[in-house]
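Asker: What follows is a structure written as C-alpha cells; I'll ask about it next.
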Amino acid sequence: MAEANRKTTLAERKEIAEYCILHDKDYAGTAAHYDVSYSQVYRWVKKYLTSGEPGLADNRGHHKTDDEVDELERLRRENLRLKRELKEQSMVVELLKKAKEFEGSEAGQSTL
Numbered sequence: 014m015a016e017a018n019r020k021t022t023l024a025e026r027k028e029i030a031e032y033c034i035l036h037d038k039d040y041a042g043t044a045a046h047y048d049v050s051y052s053q054v055y056r057w058v059k060k061y062l063t064s065g066e067p068g069l070a071d072n073r074g075h076h077k078t079d080d081e082v083d084e085l086e087r088l089r090r091e092n093l094r095l096k097r098e099l100k101e102q103s104m105v106v107e108l109l110k111k112a113k114e115f116e117g118s119e120a121g122q123s124t125l
C-alpha cells in the first residue's frame with residue numbers, strides 16, 4: 014500500500030509517468046516501485062500523455078491575475094472589490110455613529 018499523502022515533485026511525477034509508460038503501462042507495478050497509489054500513477058500517466066510535462070504541474074491554489082482573465086471575469090472581480098470597500102465604509106460610519114452616541118451619553122452622565 015502506498016504511503017498516505019506522499020509529496021512528489023514535478024520531476025518525480027515525470028519520472029514515474031515515463032517509467033510506467035516504458036513498462037507497458039503497468040500501473041500496479043509502478044505504484045509499488047515508487048510507493049505511490051495506483052490511481053495517482055494512472056492520473057499522472059493520463060495527464061502526461063495528453064499534456065506532456067506541464068500537465069503534471071500542481072496548480073492547486075493558483076489564481077489567475079487580472080491580465081490572465083477575460084473582460085467579464087475582470088469586471089466581476091472589480092465588482093466584488095467595490096462591494097467589499099462599500100461594506101467596509103458602511104461599517105466605519107456605523108462605528109463612528111456608535112462612538113458619537115457613547116460620547117454623548119457619557120457627557121450626560123457626568124453632569125448628574
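Residue numbering for the sequence shown follows our numbering, starting at 14 and increasing by one per position.
Idealized CB from N, CA, C, for every residue including glycine.
Since the structure is predicted, the reported quantities are computational estimates derived from the model, not experimental observations.
#1: Using three-state DSSP, classify Glu70 as helix, strand or coil.
#2: Identify the continuous alpha helix (DSSP H) that holds Arg138 and give its terminal residues.
#3: Could you tell me the alpha carbon to alpha carbon distance between Gly65 and Gln102, rounded to whole angstroms?
#4: Name the two residues that bound the continuous alpha helix (DSSP H) containing Ser64.
#5: Tyr40 and Tyr47 - do their beta-carbons sit closer together than 7 Å?
#6: On the CB-based measure, 16 or more other CB atoms within 10 Å of its CB, does Val49 come out buried or exposed?
#7: By alpha-carbon positions, which one of Leu62, Ala112, Gln122, Glu116 ends up nearest to Ala30?
Answerer: Working from what's here:
#1: The residue asked about is misnamed: residue 70 is Ala in this sequence, not Glu. Note: Ala70 maps to coil in three-state DSSP.
#2: Given that the chain is displayed from residue 14 to residue 125, the structure contains no residue 138 and the question cannot be resolved.
#3: 49 Å
#4: 51-64
#5: no
#6: buried
#7: Leu62
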